[in-house]
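Data block below; observations after.
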Amino acid sequence: MRQVEHVTHLKGLACADRVETTGRFLRQAIDELANAPSAGHFQRWAAQDLASRSERHDAAIKSWLAIADAAPALGMAGTIFGLVRMFAAMDDPATIGPAMAMALLTTLYGVVLANMVAGPIAARLALLSEMEIAWQRELTGHMLDVACQEMTRPRQQDVAPMRQNAVRHAA
560 MRQVEHVTHL
570 KGLACADRVE
580 TTGRFLRQAI
590 DELANAPSAG
600 HFQRWAAQDL
610 ASRSERHDAA
620 IKSWLAIADA
630 APALGMAGTI
640 FGLVRMFAAM
650 DDPATIGPAM
660 AMALLTTLYG
670 VVLANMVAGP
680 IAARLALLSE
690 MEIAWQRELT
700 GHMLDVACQE
710 MTRPRQQDVA
720 PMRQNAVRHA
730 A
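Residue numbers for the sequence shown follow the numbering used here, so the first one is 560 and each next one is one higher.
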């Protein structure tokens, strides 16, 4: 961002896209900044881009939360199947053990999937999303400040004629 500020201060906002970056969002933001006809246009782009990014993140988080919510119920369904198998084979004591094991293990698998896999993934995605959106919002806010300063600051080629006119007027 310091390089962008430096380039825009020296050469103008339209030259901001000459700064080399590796991040995809930063590259896109710099291109938008350099090509924006006004600071308001850049501000609208940034707000829209961050809102759509947040929606995509929320969709992924909701998917993992849905898995975490459904896993215990699926485990209980497996438990019911295991109990049905067990009760169906009550006349043969040798088949009761495997059926009971299936009944208990499916409950365990559902709880483990919900609380040790899907739930933590959803929480981690929510944290990462919050952090990513925060730094991108801060970056675009800083870029908007630069755009506002550059669009209100007179350019060097505009200042020279004003100085000449002021000198003529004073003489």
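For every residue, glycine included, the Cβ atom is placed at its ideal position computed from N, Cα and C.
In this text, all values refer to a predicted model and were calculated from it rather than measured experimentally.
Separation of M675 and S613 (C-alpha to C-alpha, rounded to the nearest whole angstrom) is 25 Å. Only residues of its own chain outside the window of five on either side were considered, and among them I620 have a CB closer than 7 Å to the CB of A685, listed in chain order.
Residue burial annotation: E591 is buried, with at least 16 other C-beta atoms found within 10 angstroms of its C-beta. Closest option to H616, judged by alpha-carbon separation, among P631, M710, R683: R683.
S622 carries a helical assignment under DSSP once its states are collapsed to helix, strand and coil.
In the displayed model, T581 falls within coil according to three-state DSSP, outside both helix and strand.
Taking a 10 Å sphere around the C-beta of I589, we find 16 or more other C-beta atoms and assign the residue as buried. Distance from L687 to A662 at the Cβ level is roughly 37 Å; contact not present, criterion being Cβ atoms closer than 8 Å. Using a C-beta cut-off of 8 Å, the segment 636–650 makes no contact with the segment 601–609, since fewer than three inter-stretch Cβ pairs fall below that distance. In this structure, the beta-carbon distance from V563 to A573 does not fall below 8 Å. Cβ neighbours of R577 within its own chain (closer than 7 Å, five residues either side excluded): V566.
Positions of the alpha helix (DSSP H) runs, each at least 4 residues long and wholly inside the segment 626–706, are given as 655–671 in order along the chain.
The three-state reading of DSSP puts A595 in coil, since its state is none of H, G, I, E or B.
When the five nearest sequence neighbours on each side are left out, the beta carbons in the same chain lying within less than 7 Å of the beta carbon of A630 are those of G669, L672, A673, A677, in order along the chain.
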